[in-house]
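Residue numbers (our numbering): 1434 to 1658.
Notes to accompany the following structure.
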Amino acid sequence: MFDRVSYKKKAREQLKGRWGFPILMTVIIFVLAGLLAFPSKVLENNEFTTLFESPAGTVLSLVSTCVYGMLVVAQYFVYLRMSQTIEKADFNTFLTGLERWLSGALGILWYSLWVFLWSLLFVIPGIVKSISYSQMFLILAENPEIGVRKAMNISKVITQGHKADLFVMGLSFLGWGFLCVLSCGIGFLWLIPYMSMSYTNSYIALKNMAIMTNKITPADFAPAY
């Protein structure tokens, strides 16, 4: 049974006394994302817009996407570690997560490609598939050698029958998001760790439920090769 209330409650308990590094990590990711987006915005808003549409602009966009994927996987590696231990996370944990940079880069490209293709049909299929594929970043953070295609396939299996649950779970944070906007965005430094820890807990539950119902086996998480 998917119990979002318990996942969120557990996230608050797991973060209690350990908010420091998750908040710092969120700041780091915000800053890096801003730095990556800045050149694109400059190219987009000046008279040399054609440069943004050039091969150079495309490469810049791809690099930004890849780096974002690396950061997402590294972030989830930290939250997975926090779910397994009572010790505080630190920068070394984040750096260990960044060692999965190739999985993160390839994962976000593969994810973006398929969500884009499904979105061509209509908005709703794109949303449904984005939820279906959403667990692959946690899978890659936990199993960096598994391969992005296999991670996506496992994500589709473990979210089967629970995509609506994950969607509703996302909606349950909207109120907090509104309050964060009123705080000029400062509140997101707490909300993002809270959401990420909650989604980490839901991933662990989905994975365990899928194993218990024989949808997948522990052997499925072996490297693709």
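Beta carbons are placed, not taken as given, at the ideal position from N, Cα and C, and that holds for glycine.
Inset, instruction - Check whether the segment 1570 to 1590 touches the segment 1612 to 1624, counting contact only when three or more Cβ pairs, one atom from each stretch, lie closer than 8 Å. - result: With the cut-off at 8 Å, the segment 1570 to 1590 and the segment 1612 to 1624 do not touch.
Inset, instruction - Please name the residue in Met1434, Trp1623, Met1515 whose C-alpha comes closest to that of Leu1457. - result: Taking the sequence shown and counting its residues from 1, one reaches residue 1457 at position 24. Out of Met1434, Trp1623, Met1515, the CA that lies nearest to the CA of Leu1457 is found in Trp1623.
Legend entry - Contained alpha helix (DSSP H) runs [length at least 4] in the segment 1494 to 1532, N- to C-terminal order: Counting only runs that start and end inside the segment 1494 to 1532, the alpha helix (DSSP H) elements of at least 4 residues fall at 1524 to 1531.
Legend entry - Span separating the alpha-carbon of Glu1578 from that of Ser1536: Here residue 1578 refers to the residue found at position 145 of the sequence shown. Here residue 1536 refers to the residue found at position 103 of the sequence shown. CA-CA distance, Glu1578 to Ser1536, rounds to 8 Å.
Legend entry - Helix, strand or coil at Asn1641 according to DSSP, with G and I counted as helix: Here residue 1641 refers to the residue found at position 208 when the sequence shown is read from its first residue. In the structure shown, the three-state DSSP call for Asn1641 is helix.
Inset, instruction - Compute the distance between the beta-carbons of Leu1639 and Ile1560, then report whether it is under 8 Å. - result: Taking the sequence shown and counting its residues from 1, the one referred to as residue 1639 is at position 206. Taking the sequence shown and counting its residues from 1, the one referred to as residue 1560 is at position 127. Contact annotation: Leu1639 and Ile1560 have beta-carbon atoms that are not nearer than 8 Å.
Legend entry - Phe1611: first and last residue of the uninterrupted alpha helix (DSSP H) it sits in: Along the sequence shown, one-based indexing puts residue 1611 at 178. Per DSSP, Phe1611 belongs to the alpha helix (DSSP H) from 1607 to 1615.
Inset, instruction - Examine the Cβ distances between the segment 1439 to 1452 and the segment 1644 to 1652 and report whether three or more of them are shorter than 8 Å. - result: Under the Cβ criterion (8 Å, minimum of three pairs), the segment 1439 to 1452 does not count as touching the segment 1644 to 1652.
Inset, instruction - For the alpha helix (DSSP H) holding Asn1576, just list the boundary residues, first then last. - result: The residue you call residue 1576 lines up with position 143 of the sequence shown. Run containing Asn1576: none; DSSP gives neither H nor E here.
Legend entry - Cut-off 8 Å between Cβ atoms - residues of its own chain near Leu1469, not counting five sequence neighbours on either side: As a position in the sequence shown, residue 1469 is number 36, starting the count at 1. Around Leu1469: Val1496, Ser1497, Val1500, Tyr1501.
Legend entry - Inter-residue CB distance, Gln1508 and Gly1540 (contact presumed, cutoff 8 Å): Position 75 of the sequence shown, counting from 1, holds the residue named residue 1508. Position 107 of the sequence shown, counting from 1, holds the residue named residue 1540. Contact doesn't hold; Cβ gap of about 13 Å is too wide.
Legend entry - Candidates Asn1586, Trp1452, Leu1573: closest to Ala1643 by CA position: Numbered from its first residue, the sequence shown carries residue 1643 at position 210. Of the listed residues, the one whose Cα sits closest to Ala1643 is Asn1586.
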